[in-house]
Amino acid sequence: MNFELQNIEDYTKNLTWMLKALVQVEKEFYAEDWHFTKPIRPETAFIEICEQLYPYLANRISEKGDSYTKHLLYTIDVSESQVAKAAALELDLDFSLLLTKLIVRRCLQKVLIRNYYKSPEKFALGNSLDE
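This note's numbering numbers the first residue of the sequence shown as 1 and each following residue consecutively.
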């Protein structure tokens with residue numbers, strides 16, 4: 001099973017997975033006390049979560065700077081190479097929005113990996129991502 005960020009895209013259109021990813025986003029930013037609303041449409045869930053996280057994140061990055069950003073990426077486990085690769089692919093995208101998308105995708109990835117490894121069906125079927 002390949003859980004790399006570029007392979008996550010199919011799951012961003014699934015409301016169940018995106019709601020689980022939102023819970024993970026809330027966990028990652030628990031100390032910030034940021035509040036999010038649940039998306040209701042599967043085709044826009046990823047965008048809605050990003051739109052909610054972006055202003056909080058952009059504000060915090062502008063307030064606290066590079067050290068906060070590096071610590072945040074380390075904590076959430078988004079590598080510098082992932083940031084560089086995404087920045088090269090989306091040259092015109094605001095840096096905070098780029099990080100927002102990477103963070104939401106990483107949270108989704110964590111949910112998928114956790115589900116895969118906790119599910120007993122993976123031993124029988126080889127894939128437990130279908131609920």
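Ideal placement from N, C-alpha and C gives every residue a C-beta, glycine not left out. All values derive from a computational prediction rather than experimental measurement.
Range covered by the alpha helix (DSSP H) that runs through residue i
i: I8; result: First-last for I8: undefined, no H or E at that position.
i: E48; result: 45-76
i: N14; result: No alpha helix (DSSP H) contains N14, which DSSP labels as neither H nor E.
Alpha-carbon spacing of residue i relative to residue j, whole angstroms
i: H35; j: L89; result: 30 angstroms
i: L19; j: K70; result: 26 angstroms
i: L72; j: K110; result: 16 angstroms
i: E131; j: T44; result: Residue confidence is low: E131 scores 47 on pLDDT, short of 50, so the model does not pin down where it sits. Its coordinate-derived value is still stated next. Each residue's alpha carbon lies about 20 angstroms from the other.
i: Y68; j: P42; result: 32 angstroms
i: K64; j: T100; result: 16 angstroms
i: L97; j: D66; result: 15 angstroms
7 angstroms Cβ shell around residue i - same chain, five flanking residues per side excluded
i: V104; result: A21, V25, F46, I49, C50, L53
i: N14; result: P42
Cβ neighbour criterion (16 or more within 10 Å) applied to residue i
i: I40; result: exposed
i: I113; result: exposed
i: T16; result: exposed
i: Y74; result: exposed
i: Y117; result: exposed
Within 8 angstroms, strictly: CB atoms of residue i and residue j
i: E28; j: I61; result: no
i: V83; j: R106; result: no
i: L108; j: I8; result: yes
i: Y56; j: E32; result: yes
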